[in-house]
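First comes the structure, then the notes that go with it.
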Ligand SMILES: Cc1cc2nc3c(=O)[nH]c(=O)nc-3n(C[C@H](O)[C@H](O)[C@H](O)COP(=O)(O)OP(=O)(O)OC[C@H]3O[C@@H](n4cnc5c(N)ncnc54)[C@H](O)[C@@H]3O)c2cc1C
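Here's what the structure looks like:
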């Protein structure tokens, strides 16, 4: 079946036996819309073109390709405090265009080096240049992503300065509202239609800022005192300041390490950890941070921690507490606008349609990828603790064959059952945590395509492979020590 043939696009329910609820689901699409031109959107565009799709459009709200790796030298973000769910996060005007680059702020700081070695990180058939250090700088990754786009002629598919503001499925197709932002004083709005949408908008846009007593008032009175890691750029900008960093993961560690060379005092608040477990490799020995447990409250003049200790209100609090899953273009109050009638008619009356995400986690994604209630909608890169670039290639390969009609999905009911089991086994945001499970996951996606498509007939298949745990890079995923060896500092507060 070719995507370029005159086959009708849509969602098709293929009966198996008597019970309509057991009917399997097939999808066909010709016009593909991709939201976002970061590594995921670029990888998807390449795979779709190579798989025979001729109508592929990538929308990018920024003025350049590259997503996160498109560094902006300044950043101004606004938050709702608390910003701990899709309902509470600020949806519009949350980040302002940067003064120097004219693009939307991305979350990279100036001195960033990758936390993955190049052989884990790179696309499967596109190695970093041989001279690249094992943990490259942001400059080197940006150049790499640009070279990828140029080598496979992907820029021609991308509409820059174009923000997708609303999507809805109606009459068997997606209506996509876009805003052309090129000229900020004359923004043009348009509606475009597609058979399928692939969401590649990333998951590090809206910082997660947990609720704590007194924080809202502090932000109202002194907004400049509270920033998220997304806004941190250079340690020199905080010379002589008293700083509290909130968070215990990679960004909190790396930002604190940099600040230890410039600030007057440094405190870190994180989930309780034994002192002997803490690692300060690479920190200024004269400015090892004072580590506190979680914050209990802000009083207006001090910060009180859950163990009762207290510090005077710092000059700056940096929230390095992660990000929310946000899809502001999908109306969370009306998830039915995303569902297809075929799924709705077979849906159990008691099953409620949930929004794509509640902020902390996504909902109802078959294989963490395909929206169960309308398989013409997919989201790339939802799981975390993964090696993102090659991960996107496997997901895109599966998706391209799904949208060509090569792969048949289980019934809506079975897909939902599978997702609910995942949610049950991994409650809360753990449902999206993958780690080493990305190995069987990628193999599973590959196998699903191999079962239906002759691999000689598929270009992307030639660069994808089954992963075994003894492969050198698979073993390296467990080795943050490599990072310390290469850069002289660890990746985390815990050794
Ligand atoms: C501080 C930090 C360090 C990291 N370090 C590493 C690392 O060392 N190695 C690694 O592999 N990964 C790292 N990552 C993860 C990083 O997110 C991935 O490498 C990768 O950039 C994700 O690609 P993506 O395309 O999914 O998302 P993004 O890179 O976020 O790209 C999404 C794109 O979608 C666009 N977009 C969003 N909404 C819309 C809309 N409505 N309309 C149009 N366009 C839209 C955005 O402008 C953006 O360009 C890091 C992330 C952060 C924040």
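In our numbering, the protein residues as written are 1 to 495.
Cβ coordinates follow ideal geometry from the N, Cα and C atoms, glycine included.
Check: Cα-Cα, which of 357, 104, 459 and 402 is closest to residue 84?
Finding: Along the chain shown, one-based indexing puts residue 84 at 84. Closest by alpha carbon: 357.
Note to self: Taking the beta strand (DSSP E) that residue 496 belongs to, which residues open and close that run?
What the structure shows: What the structure shows of the chain is the stretch from 1 to 495, and residue 496 is not part of that stretch, so it cannot be assessed.
Check: Rounded to a whole number of angstroms, what is the C-alpha to C-alpha distance between residue 197 and residue 472?
Finding: Residue numbering aside, residue 197 sits at position 197 when the chain shown is read from its first letter. Residue numbering aside, residue 472 sits at position 472 when the chain shown is read from its first letter. Cα-Cα distance, rounded: 35 Å.
Margin query: Quick check: what's the CA-CA separation for residue 6 versus residue 360?
Written below: Looking up residue 6 in the chain shown gives position 6. Looking up residue 360 in the chain shown gives position 360. The pLDDT assigned to residue 6 is 49, lower than 50, so where the model puts this residue is not dependable, and the model offers no usable value.
Notebook entry, point to check: Using 8 Å as the Cβ pair cut-off and three pairs as the minimum, do the region 450–466 and the region 414–421 touch?
Noted result: no
Check: Would the beta-carbon of residue 507 be found less than 7 Å away from any heavy atom of ligand 1?
Finding: Residue 507 is absent from the structure shown; the chain starts at 1 and stops at 495.
Next item on the list: Kindly list the residues whose CB is nearer than 7 Å to the CB of residue 489, restricted to its own chain and excluding five residues on each side of it in sequence; keep chain order.
Entry: Here the question's residue 489 lines up with position 489 in the chain shown. Hits under 7 Å: 257, 281 and 282.
Notebook entry, point to check: To the nearest angstrom, how far is it from the Cα of residue 18 to the Cα of residue 142?
Noted result: What you label residue 18 is simply residue 18 of the chain shown in a count that begins at 1. What you label residue 142 is simply residue 142 of the chain shown in a count that begins at 1. Whole-angstrom Cα-Cα distance: 54 Å.
Next item on the list: Could you spell out where the beta strand (DSSP E) holding residue 196 opens and where it closes?
Entry: The sequence position of residue 196 within the chain shown is 196, counting from 1. Here the beta strand (DSSP E) through residue 196 covers 196–199.
Check: Nearest to residue 224 by alpha carbon, out of 483, 326, 121 and 313?
Finding: In the chain shown, counting from the first residue as 1, residue 224 sits at position 224. That would be 313, whose Cα lies nearest to the Cα of residue 224.
Notebook entry, point to check: How is residue 207 classed by DSSP in three states: helix, strand or coil?
Noted result: Here the question's residue 207 lines up with position 207 in the chain shown. It is a strand residue.
Check: By DSSP, does residue 16 sit in helix, in strand, or in coil?
Finding: Counting from 1 along the chain shown, the entry for residue 16 is found at position 16. Coil.
Checklist line | Pairwise C-alpha distance: residue 92 and residue 177 | finding: What you label residue 177 is simply residue 177 of the chain shown in a count that begins at 1. What you label residue 92 is simply residue 92 of the chain shown in a count that begins at 1. Their Cα atoms are separated by approximately 15 Å.
Next item on the list: Round the Cβ separation of residue 56 and residue 32 to the nearest angstrom and send it over; I've been treating them as touching at under 8 Å.
Entry: Position 56 of the chain shown, counting from 1, holds the residue named residue 56. Position 32 of the chain shown, counting from 1, holds the residue named residue 32. With a Cβ gap of about 5 Å, residue 56 and residue 32 count as contacting.
Margin query: Three Cβ pairs or more, each shorter than 8 Å: is that satisfied between the region 361–370 and the region 384–394?
Written below: no
Checklist line | Same chain only: Cβ atoms within 8 Å of residue 381, ignoring 5 sequence neighbours per side | finding: By one-based count along the chain shown, residue 381 stands at place 381. 40, 200, 202, 203, 388, 391, 392 and 395, listed in sequence order.
Checklist line | Helix, strand or coil at residue 182 [DSSP, three-state] | finding: On the chain shown, residue 182 is found 182 positions in, with the first residue counted as 1. Reduced to three states, the DSSP call for residue 182 is coil.
Item checked: Proximity below 8 Å, CB of residue 89 to CB of residue 287 -> The residue labelled residue 89 in the question sits at position 89 within the chain shown. The residue labelled residue 287 in the question sits at position 287 within the chain shown. Not in contact: residue 89 and residue 287 (Cβ atoms no closer than 8 Å).
Check: Under 7 Å from any heavy atom of ligand 1, does the C-beta of residue 69 make it?
Finding: Position 69 of the chain shown, counted from the start, is the residue given in the question as residue 69. Yes, since a heavy atom of ligand 1 falls inside the 7 Å radius drawn around the Cβ of residue 69.
Check: What is the DSSP secondary structure of residue 491, counted as helix, strand or coil?
Finding: Position 491 of the chain shown holds residue 491. The answer is coil: DSSP assigns residue 491 none of H, G, I, E or B.
Item checked: Backbone secondary structure at residue 557 - three-state DSSP -> This structure cannot settle anything about residue 557, because the visible part of the chain is limited to 1 through 495.
Check: In whole angstroms, what is the alpha-carbon distance linking residue 230 and residue 99?
Finding: Residue 230 sits at position 230 when you count from the first residue of the chain shown. Residue 99 sits at position 99 when you count from the first residue of the chain shown. Roughly 16 Å between the two C-alpha positions.
Item checked: residue 265: first and last residue of the uninterrupted beta strand (DSSP E) it sits in -> On the chain shown, position 265 is the one that residue 265 refers to. Segment 265–269, the beta strand (DSSP E) holding residue 265.
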